[in-house]
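Down below is the structure, laid out as structure tokens.
Residue numbers (the working numbering): 208 to 364.
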């Protein structure tokens, strides 16, 4: 067989028996016959396929392993985020409730009541002065509403 011709199925013929072509194993040690085949140019499509197939097969297996690892990592991250979020919500509710209890306790304490009473006294007596009572009565007197309704009825009626 010439090296420049297209590759053909290898058959060994003798005077008495004929053998059929066999495929070499995918991972075999190179023999002298396969070295001669590898030096052919251009290589046949079956040689290219038999050379590239293990590479593609291993690449696909690696891709599936990476996908499985990534999905596992995503699921673990999702469950950890759910756990952290739930615990943060529960802790923040507990802290807010405790803060409300402490604030109410401070507001309702004896010292706070005395302080509020003193501030109220200061506001009504000292800040408003003697005219303050008359000013509040003048501003918030209910009679203004009655007078306003009467005047409005007089002009519209």
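Built from N, CA and C at the ideal position, the CB exists for glycine as well. This structure is a prediction, so every number in the text was calculated from the model and none was measured.
task: Can you grab the Cα-Cα spacing for the pair residue 302 / residue 331, in whole Å?
output: By one-based count along the chain shown, residue 302 stands at place 95. By one-based count along the chain shown, residue 331 stands at place 124. Roughly 38 Å separates the two Cα atoms.
field: Straight-line Cα distance separating residue 348 from residue 363
entry: The residue labelled residue 363 in the question sits at position 156 within the chain shown. The residue labelled residue 348 in the question sits at position 141 within the chain shown. So the alpha carbons of these two residues sit roughly 24 Å apart.
task: In angstroms with no decimal places, state the Cα-to-Cα distance between residue 319 and residue 361.
output: Working through the chain shown from its first residue, we reach residue 319 at position 112. Working through the chain shown from its first residue, we reach residue 361 at position 154. For residue 319 and residue 361, the distance between alpha carbons rounds to 52 Å.
query: Which residue comes first and which comes last in the alpha helix (DSSP H) that contains residue 294?
result: Taking the first residue of the chain shown as 1, we reach residue 294 at position 87. Run containing residue 294: 252-314, per the alpha helix (DSSP H) assignment.
message: With H, G and I counted as helix, E and B as strand and the rest as coil, what does DSSP make of residue 351?
response: Position 144 of the chain shown holds residue 351. The answer is helix: DSSP assigns residue 351 an H, G or I state.
Cα-Cα separation, residue 350 to residue 298: The count along the chain shown starts at 1 and reaches residue 350 at position 143. The count along the chain shown starts at 1 and reaches residue 298 at position 91. Approximately 54 Å, taken between the alpha carbons.
field: Alpha carbon of residue 281 to alpha carbon of residue 290, nearest angstrom
entry: For this step, residue 281 is matched to residue 74 along the chain shown. For this step, residue 290 is matched to residue 83 along the chain shown. Taking the straight line joining both Cα atoms gives about 14 Å.
message: Once DSSP output is grouped into helix, strand and coil, what is the label at residue 337?
response: To locate residue 337, count along the chain shown from 1; it is residue 130. Helix at residue 337.
message: My output table needs one value for residue 248: the three-state DSSP class, helix, strand or coil.
response: As a working note, residue 248 is residue 41 in the chain shown. Looking at residue 248 - three-state DSSP - the assignment turns out to be coil, as it is neither helix nor strand.
message: Can you give me the C-alpha to C-alpha distance between residue 285 and residue 259, rounded to a whole angstrom?
response: As a first step, residue 285 must be located in the chain shown, where it is residue number 78. As a first step, residue 259 must be located in the chain shown, where it is residue number 52. Rounded to whole angstroms, residue 285 to residue 259 spans 39 Å at the Cα level.
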